[in-house]
Amino acid sequence: RAKKNLTDNYEYFAPEIEEKTTWRLNMIRRLRADFADRKLELWFQPQVDLVSEKVVGMEGLLRWPDGDGKYISPAVFVPLAEYSGLIVDIGQWVLEASCARIRELCDAGFSHLRVAVNISIPQFRDRTFVKKVKSAIEKNGVDPTSLELEITESVVMDEPQIVIDALRALKEYGVQIAIDDFGTGFSSMSYLQQLPLDRLKVDRSFVSDIQPGGNAFIAETIVTLGNKLGLATIAEGVEKREQASYMLKLGCDEAQGYLYARPMPFDELMVFLREKD
Ligand code: C2E
Ligand code: MG
Ligand code: MG
Ligand code: MG
468 RAKKNLTDNY
478 EYFAPEIEEK
488 TTWRLNMIRR
498 LRADFADRKL
508 ELWFQPQVDL
518 VSEKVVGMEG
528 LLRWPDGDGK
538 YISPAVFVPL
548 AEYSGLIVDI
558 GQWVLEASCA
568 RIRELCDAGF
578 SHLRVAVNIS
588 IPQFRDRTFV
598 KKVKSAIEKN
608 GVDPTSLELE
618 ITESVVMDEP
628 QIVIDALRAL
638 KEYGVQIAID
648 DFGTGFSSMS
658 YLQQLPLDRL
668 KVDRSFVSDI
678 QPGGNAFIAE
688 TIVTLGNKLG
698 LATIAEGVEK
708 REQASYMLKL
718 GCDEAQGYLY
728 ARPMPFDELM
738 VFLREKD
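As numbered in UniProt numbering, residues 468 to 744 make up the sequence shown, in order.
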């Protein structure tokens, strides 16, 4: 009888689990191969000052071409890269590519722009992380203050001490620090105070709540918190003019979103910057 149940369970559950596991392992194998073949791309999305609407920086975002002219979303493959540990090497490539782009921006006369890079928890667990960030900066001879690291609340809560220590060392070196998707995770206010932060990124979900009948008070609360902590604030995912003007009214400093520009390859970004200049 017990045996029969086991068989039933097997038939009922296993194919699904196996399929999912096979799919994941396949994706990880393809990702590892494509990364080794230098097929990953780093695109950039401009960030603007809400008052002047001038570009003040950009966020680097990974793109994985699938060969059909389309791209696999980082929301799909970054978790797989984290799970497999690949994100340590991919993340280092992102840091080095970003610093190389900062160099190019400076050479083209855009030395005032900062470039933000998303950092995952396995990168912090790598004990050589701080050294690796500094080496990417030094190798390209760029100003450390031009580089910003974005971390989510879950990164902080996963390994508070490791993350606080690493960020303090990097902040002292000059690097800027932002909390990404702020308000969607569970972070302790006491850790927030211990982190050497420069900027809070108001999550897109709270910005999209800014519409008739929506709950704009969460965006408002985050901007107020940022102001009280002495931090700059940036609204993510601004798509509508009304959202931009509302965030400006709240005292939010900057914005990023489709209203201004979508993420684009670096060459297109250069054209975009020259047109706006
Ligand atoms: P994120 O860091 O919160 O990045 C912002 C995401 O919002 C990007 O999605 C961007 O394309 C999207 N976005 C920006 N403006 C708008 C808008 O107005 N409307 C809408 N609907 N979306 C907007 P993307 O590029 O698909 O990246 C998804 C996530 O993947 C990122 O979220 C980040 O968590 C992760 N990711 C991307 N690149 C990297 C990377 O180099 N390293 C790591 N660790 N994670 C990365
Ligand atoms: Mg980000
Ligand atoms: Mg974000
Ligand atoms: Mg996000």
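From the three backbone atoms N, C-alpha and C, an ideal C-beta is built for every residue, glycine too.
Rounded separation between residue i and residue j - CA only
| i | j | result |
| --- | --- | --- |
| L486 | D625 | The question names Leu, yet the displayed sequence has Glu at residue 486. For E486 and D625, the distance between alpha carbons rounds to 29 Å. |
| E703 | V582 | 15 Å |
| P627 | Q723 | 28 Å |
| S655 | G534 | 43 Å |
| F502 | A548 | 11 Å |
| L736 | E615 | 18 Å |
| D665 | A699 | 6 Å |
| Q512 | G527 | 7 Å |
| M739 | P541 | A small fix is needed here, since residue 739 is Phe in this sequence, not Met. Rounded to whole angstroms, F739 to P541 spans 23 Å at the Cα level. |
| I484 | P546 | 18 Å |
| K471 | T489 | Model confidence at K471 stands at a pLDDT of 49, short of 50, so the residue's coordinates are unreliable; what they give is reported in the following sentence. Straight-line Cα distance between these residues: approximately 26 Å. |
| G718 | V674 | 14 Å |
| G558 | S587 | 8 Å |
| A469 | N493 | Since pLDDT at A469 reaches only 45, below the 50 mark, its modelled position is unreliable, and no value is offered. |
| A728 | L553 | 30 Å |
| Q636 | V642 | Rather than Gln, the amino acid found at residue 636 in this sequence is Ala. Each residue's alpha carbon lies about 9 Å from the other. |
| D744 | L580 | 13 Å |
| V705 | K716 | 14 Å |
| V622 | K707 | 30 Å |
Residue i CB to nearest heavy atom of ligand 3 below 7 Å
| i | result |
| --- | --- |
| D648 | yes |
| E703 | yes |
| K668 | yes |
Any non-hydrogen atom of ligand 1 within 7 Å of residue i CB
| i | result |
| --- | --- |
| S587 | yes |
| A500 | no |
| E706 | yes |
| P532 | no |
| I539 | no |
| P513 | no |
| P627 | no |
| L529 | yes |
Minimum Cβ-Cβ distance from residue i to chain D less than 8 Å
| i | result |
| --- | --- |
| E526 | No chain D is present in this structure, which holds just one protein chain. |
For residue i: DSSP bridge partner residues
| i | result |
| --- | --- |
| F511 | G527 and M731 |
| Q643 | E615 |
| V522 | V515 |
Cβ-heavy atom distance, residue i to ligand 2, below 7 Å
| i | result |
| --- | --- |
| E526 | yes |
| E639 | no |
| E549 | no |
| E485 | no |
| L721 | The residue you asked about is not Leu; residue 721 is Glu in the sequence shown. E721: no, Cβ never under 7 Å from ligand 2. |
Distance cut-off 7 Å: residue i Cβ against heavy atoms of ligand 6
| i | result |
| --- | --- |
| G608 | This structure simply doesn't include ligand 6; it includes ligand 1, ligand 2, ligand 3 and ligand 4 instead. |
Proximity below 8 Å, CB of residue i to CB of residue j
| i | j | result |
| --- | --- | --- |
| L634 | I644 | yes |
| P482 | E508 | no |
| C566 | V523 | no |
| T651 | S672 | yes |
| P611 | I618 | no |
| F649 | I685 | no |
| I495 | S551 | yes |
| D676 | L517 | no |
Entirely within the region 649 to 734 and at least 3 residues each: give me those beta strand (DSSP E) ranges in chain order. 666 to 669 and 699 to 702
Return the chain-ordered ranges of every alpha helix (DSSP H) run that is complete within the region 533 to 615 and spans a minimum of 4 residues. 541 to 551, 554 to 574, 588 to 592 and 596 to 606
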